[in-house]
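J.: Handing you this structure, nothing more for now.
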Amino acid sequence: MHVGLEHYLTVSFLLFGLGLLGVIMRRNLLVIYMSLELMLNAANLALVSFSRFNNNLNGQILVFFIITVAAAEVAVGLALIVALYRKRQSAHVEDLTSMKL
Amino acid sequence: MKLELLPWLILFLPLLAAGGITLFTLRYRTVSALLSIGAIVTGFVLSLVFINANGWQPSSAESIANWLTIGGLHVDFGLKLDALSLMMLLIVTGVGGAIHIYSFGYMHADRSFSRFFAFMSLFTFSMLGIVLANNFIELFIFWELVGVSSYLLIGFWFEKPSAGDAAKKAFIVNRLGDFGFLLGILMVWGLLGSLNFTVLQNKLTADPAVLGGMATVAALLLFCGAVGKSAQFPLHVWLPDAMEGPTPVSALIHAATMVAAGVYMLCRILFLLNADALHVIAWIGGFTALLAALIAVQQNDIKRILAYSTLSQLGYMVMSVGLAGPTPAMFHLTTHAFFKALLFLGAGSVIHAMHDEQDIWKMGRLQKKMPVTFWTFLIGTLALSGVPPFSGFYSKDSILGQALSQGNYALFILGAAVAGLTAFYMFRLFYVAFLGKPKTQAAEHVHESPAVMAWPLRVLAVFAVIGGVIGVSQTYASQFSPGEARESFGQSLVEPLTHSPAGVLVGLAFIAAGFFAARALYRDAASDPLPEKLGGLATAMKHKFYFDELYEATFIRAHDFIAAVMDWIDRWLVEGLCIGLVRGGTDLSGRALRLVQTGNLQTYAFLFVLGVAVVMYFVLGK
Numbered sequence: 002m003h004v005g006l007e008h009y010l011t012v013s014f015l016l017f018g019l020g021l022l023g024v025i026m027r028r029n030l031l032v033i034y035m036s037l038e039l040m041l042n043a044a045n046l047a048l049v050s051f052s053r054f055n056n057n058l059n060g061q062i063l064v065f066f067i068i069t070v071a072a073a074e075v076a077v078g079l080a081l082i083v084a085l086y087r088k089r090q091s092a093h094v095e096d097l098t099s100m101k102l
Numbered sequence: 052m053k054l055e056l057l058p059w060l061i062l063f064l065p066l067l068a069a070g071g072i073t074l075f076t077l078r079y080r081t082v083s084a085l086l087s088i089g090a091i092v093t094g095f096v097l098s099l100v101f102i103n104a105n106g107w108q109p110s111s112a113e114s115i116a117n118w119l120t121i122g123g124l125h126v127d128f129g130l131k132l133d134a135l136s137l138m139m140l141l142i143v144t145g146v147g148g149a150i151h152i153y154s155f156g157y158m159h160a161d162r163s164f165s166r167f168f169a170f171m172s173l174f175t176f177s178m179l180g181i182v183l184a185n186n187f188i189e190l191f192i193f194w195e196l197v198g199v200s201s202y203l204l205i206g207f208w209f210e211k212p213s214a215g216d217a218a219k220k221a222f223i224v225n226r227l228g229d230f231g232f233l234l235g236i237l238m239v240w241g242l243l244g245s246l247n248f249t250v251l252q253n254k255l256t257a258d259p260a261v262l263g264g265m266a267t268v269a270a271l272l273l274f275c276g277a278v279g280k281s282a283q284f285p286l287h288v289w290l291p292d293a294m295e296g297p298t299p300v301s302a303l304i305h306a307a308t309m310v311a312a313g314v315y316m317l318c319r320i321l322f323l324l325n326a327d328a329l330h331v332i333a334w335i336g337g338f339t340a341l342l343a344a345l346i347a348v349q350q351n352d353i354k355r356i357l358a359y360s361t362l363s364q365l366g367y368m369v370m371s372v373g374l375a376g377p378t379p380a381m382f383h384l385t386t387h388a389f390f391k392a393l394l395f396l397g398a399g400s401v402i403h404a405m406h407d408e409q410d411i412w413k414m415g416r417l418q419k420k421m422p423v424t425f426w427t428f429l430i431g432t433l434a435l436s437g438v439p440p441f442s443g444f445y446s447k448d449s450i451l452g453q454a455l456s457q458g459n460y461a462l463f464i465l466g467a468a469v470a471g472l473t474a475f476y477m478f479r480l481f482y483v484a485f486l487g488k489p490k491t492q493a494a495e496h497v498h499e500s501p502a503v504m505a506w507p508l509r510v511l512a513v514f515a516v517i518g519g520v521i522g523v524s525q526t527y528a529s530q531f532s533p534g535e536a537r538e539s540f541g542q543s544l545v546e547p548l549t550h551s552p553a554g555v556l557v558g559l560a561f562i563a564a565g566f567f568a569a570r571a572l573y574r575d576a577a578s579d580p581l582p583e584k585l586g587g588l589a590t591a592m593k594h595k596f597y598f599d600e601l602y603e604a605t606f607i608r609a610h611d612f613i614a615a616v617m618d619w620i621d622r623w624l625v626e627g628l629c630i631g632l633v634r635g636g637t638d639l640s641g642r643a644l645r646l647v648q649t650g651n652l653q654t655y656a657f658l659f660v661l662g663v664a665v666v667m668y669f670v671l672g673k
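Protein sequence lines, in the order shown, are assigned to chains A and B.
Residues 2 to 102 in our numbering are what the first sequence spells out, letter by letter.
Residues 52 to 673 in our numbering are what the second sequence spells out, letter by letter.
Next comes the structure, spelled out in structure tokens:
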């Protein structure tokens, strides 16, 4: 069978949806964090496939940017989560509602 | 015009003194007093120099600095210099100066000595501004300044509740009159397009009917200002209460400043007043004169008797203006300034010696112990009663003569009767307070006042004697009826007899009747015999014909009622309903929206995605 753009996009959409569901449903901060990465990579997949099928390298350049930013984000985010865990002895979102009035 | 800068200097010297005292010398009592006295006495000397250099009618009658121009409205800050204003300049600085010097002795024991002189200087500045103003706006500004400074001075002893109330009363009653005055000014500006007195006068001379049907209304509105300031019926109630201030303040308000402003303003704008308005003015003046004289007959407070006599004399002046006689009005204003200042300062001297006792029934037999006060007060009494050849005789007679020459016999008889009443209540005061037996211990142990208080009395007494024959009347006449031959000294001495002998004789008959009645009743009286003879009328006089009570029951009650209604509307409709609804709505929506803020990260994320989905649906879905 011929694999076309729509197949890649379907995979990308499914990945994105899974990531989103994870962010919304899961309670553990680390899992939420991983789901976020999943969403970023879903976007990467979509960009790469557009780039491949349109013979345009712009998309791939954007992907490199995203990967770089994601790496930086992981470094900062994980550090925050660890600090938070040390302070609160918990990494569950239900316990982090002190912003509520 | 020579020495054009001098009038500006005369005007602003007292302001400089007031500012200097307030800013720098409040702690140095003598320096403050000398600054204030120096400013006004220098003003007097400079006025003399200016008049000596330029005569009574300077070649250019105005000295103008442009102040502001808004569209068609031009307002100058200018000085009007003619016989009227220059003569007033002399009176304000001269009589005012005597009062300032006297205050140095009278107020010496007061804690707020410096503040007193700062206020006095401010008052003098305001009054000089009224005198010199060349347009309505400037006049009005100084007019209000006089109101403010009178408020400060009447309420000088503000720790006394009665003084505070009197100050408020004076200010508010004056504001009532000023409201009409301001409307009148606006009307004149709207109809004639100018506020400058000279321009207005030229317009009205060119076309007397230029004001059209509104002439009487405008004139009466302008008269409202004079009714308030010069305390004419029905706004006369503030003046007797103003006695709560220190006695020199009463002298200043009653003699040279404030109450004179109303009459002066009427003379200044005489060209705006038509025959109908003048008729009303004459009768209001006459009525005030009679009313106040009747009230004065039954007062026992020495200052209140003098206050009602001021009201009565102001009634004379206003009546004279109403009879188209500005010259007699200003003449009487001038002589009145001399002898009324003298009487008030004399009364102050007695009060000072009696340790703040003001009831005449507690005085008596003062001639031996206080010779200067006694003799000068006698001169003041004779002058006020209109006994020849004292100054009051000439000025009062010229007003009665004016009534006769206008053919207004009703007002003539009224004026003559008031002259009789004046003699009666003044000699009642004199017999009870200065002659007879000492009625209390305090009256037996009085002492003459110090020289700084006695000398102003002597100087004012001299002018109270000769004020009628030194050419005051002719100076005014040179402005209001130019072309009349100037009289010699001898002519002016017998002027009343040659002018209207009938008027003189009738007036003198009334005055003699008043004098002998007072002598018969009060020569040896230990208490007032009049209430028994007059019954209810005397009680009514004693209670000032119940005007305060009447106003209390009508105007003040009505005002309180309106205020209560407004308070209710403000409290319940504006604040409760309108502001309450807005406030409640904001509060409610705030509370509702707060529920959305769960603090749960994932709820936010969900709502965020939902929002993105909705946006994408609208952007891409169509």
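Each residue gets a CB set at the ideal place from its N, CA and C atoms; glycine is no exception.
Where does I521 of chain B fall in DSSP's three states?
T.: Reading the second sequence from its first residue, position 470 is the one you call residue 521 of chain B. Reduced to three states, the DSSP call for I521 of chain B is coil.
J.: In whole angstroms, give me the CA-to-CA distance for V469 of chain B and I450 of chain B.
T.: In the second sequence, counting from the first residue as 1, residue 469 of chain B sits at position 418. In the second sequence, counting from the first residue as 1, residue 450 of chain B sits at position 399. Each residue's Cα considered, the two are about 12 Å apart.
J.: Note down, in chain order, all residues in the segment 21-41 of chain A with a beta-carbon under 7 Å from any beta-carbon belonging to chain B.
T.: Those residues of the segment 21-41 of chain A that come within reach of chain B (Cβ to Cβ, closer than 7 Å) are L21, V24, I25.
J.: Using DSSP with H/G/I as helix, E/B as strand and the rest coil, what is F395 of chain B?
T.: Walking along the second sequence from the start, residue 395 of chain B turns up at place 344. Looking at F395 of chain B - three-state DSSP - the assignment turns out to be helix.
J.: Name the chain B residues whose beta carbon is nearer than 8 Å to that of L48 of chain A?
T.: The residue labelled residue 48 of chain A in the question sits at position 47 within the first sequence. Neighbours of L48 of chain A on chain B: none; closest Cβ ~18 Å, over 8 Å.
J.: For A656 of chain B, return the contacting residues in chain A, with the cut-off set at a CB-CB distance below 7 Å.
T.: Within the second sequence, the letter at position 605 stands for residue 656 of chain B. V24, I25, listed in chain order.
J.: May I ask you to report which of helix, strand or coil DSSP gives T76 of chain B?
T.: Numbered from 1 along the second sequence, position 25 holds the residue referred to as residue 76 of chain B. Here T76 of chain B sits in coil by DSSP.
J.: For the beta strand (DSSP E) containing F128 of chain B, list its first residue and its last residue.
T.: In the second sequence, the residue the question calls residue 128 of chain B occupies position 77. Looking at the DSSP string, the run of the beta strand (DSSP E) that includes F128 of chain B is 124-131.
J.: Whose Cβ in chain B lies nearer than 8 Å to the Cβ of T98 of chain A?
T.: On the first sequence, position 97 is the one that residue 98 of chain A refers to. T649, G650, N651, listed in chain order.
J.: Return the first residue and the last residue of the beta strand (DSSP E) that N117 of chain B is part of.
T.: As a first step, residue 117 of chain B is located in the second sequence; it is residue number 66 there, counting from the start. That run of the beta strand (DSSP E) goes 113-121.
J.: Report the partner residues of H3 of chain A according to the DSSP bridge assignment.
T.: Along the first sequence, one-based indexing puts residue 3 of chain A at 2. According to DSSP, H3 of chain A bridges with nothing at all.
J.: Less than 9 Å between CB atoms is the rule here; does E95 of chain A satisfy it with respect to chain B?
T.: In the first sequence, the residue the question calls residue 95 of chain A occupies position 94. Output row for E95 of chain A: interface = yes.
J.: What's the gap between the Cα of S578 of chain B and the Cα of A347 of chain B?
T.: Looking up residue 578 of chain B in the second sequence gives position 527. Looking up residue 347 of chain B in the second sequence gives position 296. Their backbone Cα atoms lie some 16 Å apart in a straight line.
J.: Do you know whose CA, among B:P285, B:Q350, B:T385, B:H151, lies nearest G337 of chain B's CA?
T.: As a working mapping, residue 337 of chain B is identified with position 286 in the second sequence. The option with the nearest alpha carbon to G337 of chain B is B:P285.
J.: Rounded to whole angstroms, how far is the Cβ of T427 of chain B from the Cβ of L508 of chain B, which I believe are closer than 8 Å?
T.: For the purposes of this step, residue 427 of chain B is identified with residue 376 of the second sequence, where counting begins at 1. For the purposes of this step, residue 508 of chain B is identified with residue 457 of the second sequence, where counting begins at 1. Rounded, the Cβ-Cβ distance is 4 Å, consistent with contact.
J.: Roughly how many angstroms separate the alpha carbons of L341 of chain B and V288 of chain B, rounded to a whole number?
T.: If you number the second sequence from 1, residue 341 of chain B lands on position 290. If you number the second sequence from 1, residue 288 of chain B lands on position 237. One C-alpha to the other measures close to 15 Å.
J.: Going by the DSSP bridge assignment, what does N29 of chain A pair with across the sheet?
T.: Counting from one through the first sequence, the residue named residue 29 of chain A turns up at place 28. N29 of chain A is bridged to A:H93.
J.: Tell me the rounded alpha-carbon separation between G94 of chain B and F63 of chain B.
T.: Position 43 of the second sequence, counted from the first residue, corresponds to residue 94 of chain B. Position 12 of the second sequence, counted from the first residue, corresponds to residue 63 of chain B. Cα to Cα, G94 of chain B sits roughly 9 Å from F63 of chain B.
J.: Just verifying my parser: in three-state terms, what is the DSSP assignment at N105 of chain B?
T.: As a first step, residue 105 of chain B must be located in the second sequence, where it is residue number 54. DSSP places N105 of chain B in helix when its eight states are reduced to three.
J.: With 9 Å as the threshold, decide whether the Cβ of V670 of chain B is near any Cβ in chain A.
T.: Here residue 670 of chain B refers to the residue found at position 619 when the second sequence is read from its first residue. By this cut-off, V670 of chain B is not an interface position.
J.: Judging by CA-CA distance, which residue of B:M309, B:A307, B:L227 is the nearest neighbour of L273 of chain B?
T.: Mapped onto the second sequence, residue 273 of chain B falls at position 222. The candidate whose alpha carbon is nearest that of L273 of chain B is B:L227.
J.: Use the C-beta contact count for V633 of chain B: other C-beta atoms within 10 angstroms, 16 or more gives buried, fewer gives exposed.
T.: As a working note, residue 633 of chain B is residue 582 in the second sequence. Per the 10 Å Cβ criterion, exposed.
J.: Would you kindly report the start and end of the unbroken alpha helix (DSSP H) that includes H287 of chain B?
T.: Looking up residue 287 of chain B in the second sequence gives position 236. Looking at the DSSP string, H287 of chain B is not in any alpha helix (DSSP H), and its letter there is neither H nor E.
J.: In chain order, what residues of the same chain lie with their CB nearer than 6 Å to the CB of I33 of chain A, ignoring the 5 residues before and after it?
T.: Locating residue 33 of chain A in the first sequence gives position 32, where the first residue counts as 1. Answer for I33 of chain A: V24, R27, listed in chain order.
J.: Kindly provide the ranges of any beta strand (DSSP E) runs that are 3 or more residues long and lie completely inside the segment 412-447 of chain B, ordered along the chain.
T.: DSSP runs (the beta strand (DSSP E)) wholly in the segment 412-447 of chain B: none.
J.: Work out the CA separation of I562 of chain B and A467 of chain B for me, nearest whole Å.
T.: The residue labelled residue 467 of chain B in the question sits at position 416 within the second sequence. The residue labelled residue 562 of chain B in the question sits at position 511 within the second sequence. When rounded, the distance between both Cα atoms is 8 Å.
J.: According to the Cβ coordinates, are A404 of chain B and K419 of chain B closer than 9 Å?
T.: Here residue 404 of chain B refers to the residue found at position 353 of the second sequence. Here residue 419 of chain B refers to the residue found at position 368 of the second sequence. Taking 9 Å as the Cβ cut-off, A404 of chain B and K419 of chain B do not qualify as a contacting pair.
J.: Would you kindly work out how many angstroms separate the C-alpha atoms of I61 of chain B and T175 of chain B, rounded to a whole number?
T.: For the purposes of this step, residue 61 of chain B is taken as the residue at position 10 of the second sequence. For the purposes of this step, residue 175 of chain B is taken as the residue at position 124 of the second sequence. Their backbone Cα atoms lie some 10 Å apart in a straight line.
J.: Using DSSP bridges, identify the partner residues of A184 of chain B.
T.: The residue you call residue 184 of chain B lines up with position 133 of the second sequence. DSSP lists B:L130 as partners of A184 of chain B.
J.: Identify the contact partners of V48 of chain B in chain A, using a Cβ-Cβ distance below 8 Å as the criterion.
T.: Outside the displayed span of chain B (52 to 673) sits residue 48 of chain B, for which this structure offers no information.
J.: Among the residues of its own chain, which have a CB less than 6 Å from the CB of T491 of chain B, if the five just before and after it don't count?
T.: Position 440 of the second sequence holds residue 491 of chain B. Counting only Cβ-Cβ distances below 6 Å, and skipping sequence neighbours, we find K413.
J.: Compute the beta-carbon to beta-carbon distance between M2 of chain A and G20 of chain A, rounded to the nearest angstrom, for a pair I have assumed lies under 8 Å.
T.: Translated into the one-based positions of the first sequence, residue 2 of chain A becomes position 1. Translated into the one-based positions of the first sequence, residue 20 of chain A becomes position 19. Wrong, their Cβ atoms sit about 27 Å apart, outside the cutoff.
J.: With DSSP as the reference, identify every bridge partner of D352 of chain B, one or two as the case may be.
T.: Working through the second sequence from its first residue, we reach residue 352 of chain B at position 301. DSSP, once it has assigned bridges, lists B:D410 as partnering D352 of chain B.
J.: Kindly give me the distance between the Cβ atoms of A116 of chain B and F128 of chain B, rounded to whole angstroms, as I take these residues to be in contact under 8 Å.
T.: Mapped onto the second sequence, residue 116 of chain B falls at position 65. Mapped onto the second sequence, residue 128 of chain B falls at position 77. At roughly 5 Å, the Cβ-Cβ gap stays under 8 Å, so A116 of chain B and F128 of chain B are in contact.
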